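For what it's worth, the working numbering labels the leading residue of the sequence shown as 59, then goes sequentially. Don't be surprised by glycine CBs; every beta carbon is placed ideally from N, CA and C. Because the structure is a prediction, the values reported are computed rather than measured. Notes follow the structure.
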Amino acid sequence: MTSFLPSNLPLELLERHGHAPLSCGSAVNSLIRDNAFSDTEYRNVLTELRQHTEESLAIYVHVPFCHVRCLYCACDTTVTHSSEKVDRYLDALESELALVTDTIGRGRRVNQLHVGGGTPNHLNEPQLARLVEIIERYFYIAPDACTSIECNPRRSSAGQLELLYGLGFRRISFGVQDLNADVQRAIGRVQSLDMVRDVFLTARETGFHSINLDLVYGLPFQTRAGFQSTLQHILALSPDRVACFSYTHDPATRPHQHAISSDHLPSAAEKLALFHDAVHAFTEAGYRWVGLDVFVRETDELANAQTEGRLHHNAIGYTPLPSKQVLAFGPSGIGEVGGVLVQNEPDLKTWQARLDHYQLPVAWGQRLSDTDRRRREAILSLMCNLQLPANVAADLAQDYDRLREHIAQGLVEMSADGIRVTDEGRYLLRHLCAEQDAFLELEAAQRRLGSN
Ligand code: SF4
Numbered sequence: 059m060t061s062f063l064p065s066n067l068p069l070e071l072l073e074r075h076g077h078a079p080l081s082c083g084s085a086v087n088s089l090i091r092d093n094a095f096s097d098t099e100y101r102n103v104l105t106e107l108r109q110h111t112e113e114s115l116a117i118y119v120h121v122p123f124c125h126v127r128c129l130y131c132a133c134d135t136t137v138t139h140s141s142e143k144v145d146r147y148l149d150a151l152e153s154e155l156a157l158v159t160d161t162i163g164r165g166r167r168v169n170q171l172h173v174g175g176g177t178p179n180h181l182n183e184p185q186l187a188r189l190v191e192i193i194e195r196y197f198y199i200a201p202d203a204c205t206s207i208e209c210n211p212r213r214s215s216a217g218q219l220e221l222l223y224g225l226g227f228r229r230i231s232f233g234v235q236d237l238n239a240d241v242q243r244a245i246g247r248v249q250s251l252d253m254v255r256d257v258f259l260t261a262r263e264t265g266f267h268s269i270n271l272d273l274v275y276g277l278p279f280q281t282r283a284g285f286q287s288t289l290q291h292i293l294a295l296s297p298d299r300v301a302c303f304s305y306t307h308d309p310a311t312r313p314h315q316h317a318i319s320s321d322h323l324p325s326a327a328e329k330l331a332l333f334h335d336a337v338h339a340f341t342e343a344g345y346r347w348v349g350l351d352v353f354v355r356e357t358d359e360l361a362n363a364q365t366e367g368r369l370h371h372n373a374i375g376y377t378p379l380p381s382k383q384v385l386a387f388g389p390s391g392i393g394e395v396g397g398v399l400v401q402n403e404p405d406l407k408t409w410q411a412r413l414d415h416y417q418l419p420v421a422w423g424q425r426l427s428d429t430d431r432r433r434r435e436a437i438l439s440l441m442c443n444l445q446l447p448a449n450v451a452a453d454l455a456q457d458y459d460r461l462r463e464h465i466a467q468g469l470v471e472m473s474a475d476g477i478r479v480t481d482e483g484r485y486l487l488r489h490l491c492a493e494q495d496a497f498l499e500l501e502a503a504q505r506r507l508g509s510n
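Below, the structure is given as structure tokens:
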């Protein structure tokens with residue numbers, strides 16, 4: 059694709075949505091959550107799933123521990139150095155797996171397993187082995203399943219990487235964020251290029267099929283020159299995928315972010331330029347820009363899926379697999395089962411206490427109406443396949459209207475088939491989607507008020 063810094067992009071869109079997180083749960087975040095959604099209701103949903111034994115499942119396991127809190131962190135995690143605390147988490151996780159599979163049946167086929175966090179490789183080697191052993195006790199992980207794990211390079215060793223490979227993980231992702239020393243100090247995450255390179259090459263030698271690196275733009279003290287240096291070092295490693303996430307500064311809900319002064323953050327225009335530089339660097343190097351902020355090799359299954367208009371996004375991330383059933387385990391895990399979105403209790407102790415009482419630890423759930431589902435499909439179509447087909451949005455005239463407003467700005471184009479995001483519009487895709495989210499949230503709130 060053409061790579062240029064669009065000088066005429068409406069930056070007010072960035073300002074309006076610049077701090078809105080829009081990640082895996084974007085379409086989830088837009089909905090009013092039913093906190094009264096009970097353990098019994100979730101059990102009913104799982105009972106329905108029991109009838110569909112032919113359906114493959116995707117599993118997300120959240121490991122909620124880190125050895126130190128990075129100052130930019132937006133994840134649900136707990137800092138701990140207690141091995142007993144992790145053991146207790148694994149006990150509770152096993153209870154959760156048992157409770158769910160008591161209902162849907164043991165040994166169900168899984169075609170996607172993702173272990174995220176937190177820092178999954180904060181667990182010691184016996185704990186990592188136990189984690190996989192208990193998952194395999196309750197589910198059948200298909201030999202061709204996509205198995206992935208998130209790791210912190212500062213916690214990785216050759217022995218641990220060999221163990222993870224031996225346990226069946228074939229895709230691994232490492233958080234790099236930025237290699238500039240000033241940026242690393244400001245975010246409380248110092249990791250040298252030599253260390254990152256060493257861990258990356260060791261993972262290559264170990265045999266992982268896909269090694270992904272995560273970057274973050276919009277961090278304190280990030281400059282275009284500094285970030286371009288990071289991009290060149292990353293390209294030299296030749297990762298299979300790179301995710302380039304936007305930093306969301308929100309100290310009101312994440313108090314540790316108070317340690318980052320907003321005076322040191324790049325402006326909206328500078329942030330856009332940083333992202334543009336990432337797009338330019340990766341696309342020039344032959345990577346395909348997928349979805350909002352992921353870059354993959356042309357041979358990657360995600361690139362093929364995007365070409366063929368069948369790229370999906372579920373609670374785990376972008377996927378070519380059309381699995382509609384995502385079971386989430388661990389505190390804060392978000393899943394989708396039988397058209398119902400569910401999230402577990404985010405608080406570790408509450409999650410454990412619910413399981414101690416043999417309750418499914420669901421915090422909220424949302425059964426999607428047909429309209430909700432179509433709206434969600436529309437957002438996902440925009441995110442994944444950069445278009446809103448007329449048939450998807452047939453009943454969503456107001457959603458169409460909001461997007462139409464951006465035709466004059468050159469962000470979207472209209473045709474008989476629907477609306478397509480332009481090359482310029484891709485830079486603001488996050489914000490075009492967030493506008494839809496904001497609209498959905500407003501309408502869902504109105505619906506809720508109307509029903510009281
Ligand atoms: S390692 Fe990841 S999850 Fe843990 S504190 Fe840092 S950013 Fe947050």
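Discussion item. Taking its Cβ as the centre, do 16 or more other Cβ atoms sit within 10 Å of Ile318, making it buried, or is it exposed?
Written reply: Numbered from its first residue, the sequence shown carries residue 318 at position 260. Classification of Ile318: buried, given that the 10 Å Cβ count is 16 or more.
*Identify which residue in Leu289, Ala150 and His464 has its Cα closest to the Cα of Trp409.*
In the sequence shown, the residue the question calls residue 409 occupies position 351. It is Ala150.
| query | Distance, Cα to Cα, Gln383 vs Asp240? | reply | The residue you call residue 383 lines up with position 325 of the sequence shown. The residue you call residue 240 lines up with position 182 of the sequence shown. Each residue's alpha carbon lies about 43 Å from the other.
Starting from the N-terminal side, write out each stretch of the alpha helix (DSSP H) that is 4 residues or longer and does not extend beyond the region 184–246. 216–224 and 239–245
Practice prompt. Tell me whether Asp272 sits in a helix, a strand or coil according to DSSP, three-state version.
Written response: Indexing the sequence shown from 1 puts residue 272 at position 214. Strand.
Review point. Under the three-state reduction of DSSP, which class applies to Leu490: helix, strand or coil?
Key: Here residue 490 corresponds to residue number 432 of the sequence shown, with the count starting at 1. Note: Leu490 maps to helix in three-state DSSP.
Exercise. Using the DSSP secondary-structure output, state which residues sit across from Ile374 in a beta bridge.
Key: For the purposes of this step, residue 374 is taken as residue 316 along the sequence shown, with counting starting at 1. The partner list for Ile374 (beta bridge, DSSP) is empty, contrary to what the question assumes.
Under the assumption that Leu289 contacts Ala361 (Cβ atoms under 8 Å), give the Cβ distance between them as a whole number of angstroms.
-> Here the question's residue 289 lines up with position 231 in the sequence shown. Here the question's residue 361 lines up with position 303 in the sequence shown. That pair is no contact at about 19 Å.
* **Straight-line Cα distance separating Leu461 from Leu490** => Translated into the one-based positions of the sequence shown, residue 490 becomes position 432. Translated into the one-based positions of the sequence shown, residue 461 becomes position 403. Those two C-alpha atoms are separated by around 7 Å.
In chain order, what residues have a CB nearer than 7 Å to some heavy atom of the ligand SF4? Cys124, Val126, Arg127, Cys128, Tyr130, Cys131, Cys133, Thr135, Gly175, Gly176, Thr177, Asn210, Gly233 and Arg247
Exercise. Determine the contact status of Thr205 and Phe227, defining contact as a CB-CB distance below 9 Å.
Key: Here the question's residue 205 lines up with position 147 in the sequence shown. Here the question's residue 227 lines up with position 169 in the sequence shown. Cβ distance < 9 Å, so Thr205 and Phe227 count as in contact.
- prompt: Taking the continuous alpha helix (DSSP H) assigned at Tyr147, which residues delimit it?
  reply: For the purposes of this step, residue 147 is identified with residue 89 of the sequence shown, where counting begins at 1. Run containing Tyr147: Ser141 to Ile162, per the alpha helix (DSSP H) assignment.
Q) Could you give the distance in angstroms between the alpha-carbon of Gln185 and the alpha-carbon of Arg213? A) Here the question's residue 185 lines up with position 127 in the sequence shown. Here the question's residue 213 lines up with position 155 in the sequence shown. If you take the alpha carbons of Gln185 and Arg213, they lie about 14 Å apart.
(Q) Rounded to the nearest angstrom, what separates Ala385 and Ser473 at their Cα positions? (A) In the sequence shown, counting from the first residue as 1, residue 385 sits at position 327. In the sequence shown, counting from the first residue as 1, residue 473 sits at position 415. Note on identity: in this sequence residue 385 is Leu, with Ala being the wrong assignment. Each residue's alpha carbon lies about 38 Å from the other.
Requested in this report: Would you grab the beta carbon distance between Gln218 and Asn270 for me? Rounded to a whole angstrom, and I think it's under 8 Å.
Outcome: Locating residue 218 in the sequence shown gives position 160, counting from the first residue. Locating residue 270 in the sequence shown gives position 212, counting from the first residue. At roughly 17 Å, the Cβ-Cβ gap does not stay under 8 Å, so Gln218 and Asn270 are not in contact.
With 16 other CB atoms within 10 Å as the buried threshold, where does Thr377 fall? Locating residue 377 in the sequence shown gives position 319, where the first residue counts as 1. Buried is the call here.
- prompt: How many Å lie between Arg432 and Thr264 at the Cα?
  reply: As a first step, residue 432 is located in the sequence shown; it is residue number 374 there, counting from the start. As a first step, residue 264 is located in the sequence shown; it is residue number 206 there, counting from the start. If you take the alpha carbons of Arg432 and Thr264, they lie about 43 Å apart.
**Coil, strand or helix - Phe266 by DSSP** = In the sequence shown, counting from the first residue as 1, residue 266 sits at position 208. Three-state result, Phe266: coil.
Hey, how far is the Cα of Gln170 from the Cα of Ala116?
Along the sequence shown, one-based indexing puts residue 170 at 112. Along the sequence shown, one-based indexing puts residue 116 at 58. Each residue's Cα considered, the two are about 5 Å apart.
Do Phe285 and Leu332 have their CB atoms nearer than 9 Å? Residue 285 sits at position 227 when you count from the first residue of the sequence shown. Residue 332 sits at position 274 when you count from the first residue of the sequence shown. Cβ atoms of Phe285 and Leu332: closer than 9 Å.
In the DSSP assignment, find the unbroken alpha helix (DSSP H) run with Glu435 in it and report its ends. Working through the sequence shown from its first residue, we reach residue 435 at position 377. Looking at the DSSP string, the run of the alpha helix (DSSP H) that includes Glu435 is Asp428 to Asn443.
- To which residues of the same chain is Arg167 closer than 6 Å at the C-beta, ignoring the five residues directly before and after it? As a position in the sequence shown, residue 167 is number 109, starting the count at 1. Taken in chain order, the residues that qualify are Ser114, Tyr198 and Ala200.
Check: Run through DSSP, which three-state label would His464 get?
Finding: On the sequence shown, position 406 is the one that residue 464 refers to. Three-state result, His464: coil.
- Query: Hey, is the region 351–371 in contact with the region 292–306, meaning 3+ C-beta pairs nearer than 8 Å?
  - Reply: yes
Range of the contiguous alpha helix (DSSP H) that encloses Ala326 | Start at 1 with the first residue of the sequence shown, and residue 326 comes out as number 268. Run containing Ala326: Ala326 to Glu342, per the alpha helix (DSSP H) assignment.
Just the Cα atoms here: how many angstroms apart are Glu493 and Cys131? By one-based count along the sequence shown, residue 493 stands at place 435. By one-based count along the sequence shown, residue 131 stands at place 73. Near 24 Å, if we compare the C-alpha coordinates of Cys131 and Glu493.
**Message:** With the cut-off set at 9 Å, would you say Gly388 and His120 are in Cβ contact?
**Reply:** The residue given as residue 388 occupies position 330 in the sequence shown. The residue given as residue 120 occupies position 62 in the sequence shown. Yes, the Cβ-Cβ distance between Gly388 and His120 is below 9 Å.
Backbone CA spacing between Ala310 and Val274 [nearest angstrom]
Here residue 310 corresponds to residue number 252 of the sequence shown, with the count starting at 1. Here residue 274 corresponds to residue number 216 of the sequence shown, with the count starting at 1. For Ala310 and Val274, the distance between alpha carbons rounds to 20 Å.
Near Leu446, what residues of its chain come up, given a Cβ to Cβ distance below 7 Å and the 5 sequence neighbours on each side ignored?
Here residue 446 is taken as the residue at index 388 of the sequence shown, counted from 1. The residues are Ala436, Ser439, Leu440, Leu461, Gly476 and Ile477.
Where the beta strand (DSSP E) containing Glu113 begins and where it ends: For this step, residue 113 is matched to residue 55 along the sequence shown. Careful: Glu113 lies outside any beta strand (DSSP E) and carries neither H nor E.
To the nearest angstrom, how far is it from the Cα of Thr341 to the Cα of Glu403? Sequence index remark: in the sequence shown, residue 341 carries index 283 (1-based). Sequence index remark: in the sequence shown, residue 403 carries index 345 (1-based). If you take the alpha carbons of Thr341 and Glu403, they lie about 40 Å apart.
Original post:
Given Phe258, which residues of its chain have a CB within under 8 Å of its CB, disregarding the five upstream and five downstream residues?
Top reply: Here residue 258 refers to the residue found at position 200 when the sequence shown is read from its first residue. The answer, listed in chain order, is Pro211, Phe232, Ile269, Leu271, Leu295 and Pro297.
Notebook entry, point to check: With distances taken from CA atoms, which of Tyr196, Leu181, Arg484 and Tyr345 is nearest Ala156?
Noted result: Residue 156 sits at position 98 when you count from the first residue of the sequence shown. Closest by alpha carbon: Tyr196.
Bounding residues of the beta strand (DSSP E) (the contiguous stretch that carries Glu394)
Taking the first residue of the sequence shown as position 1, residue 394 is located at position 336. Start and end: Ile392 to Val395.
- prompt: Any idea which residues DSSP pairs His172 with across the strands?
  reply: Reading the sequence shown from its first residue, position 114 is the one you call residue 172. According to DSSP, His172 bridges with Tyr118 and Ser206.
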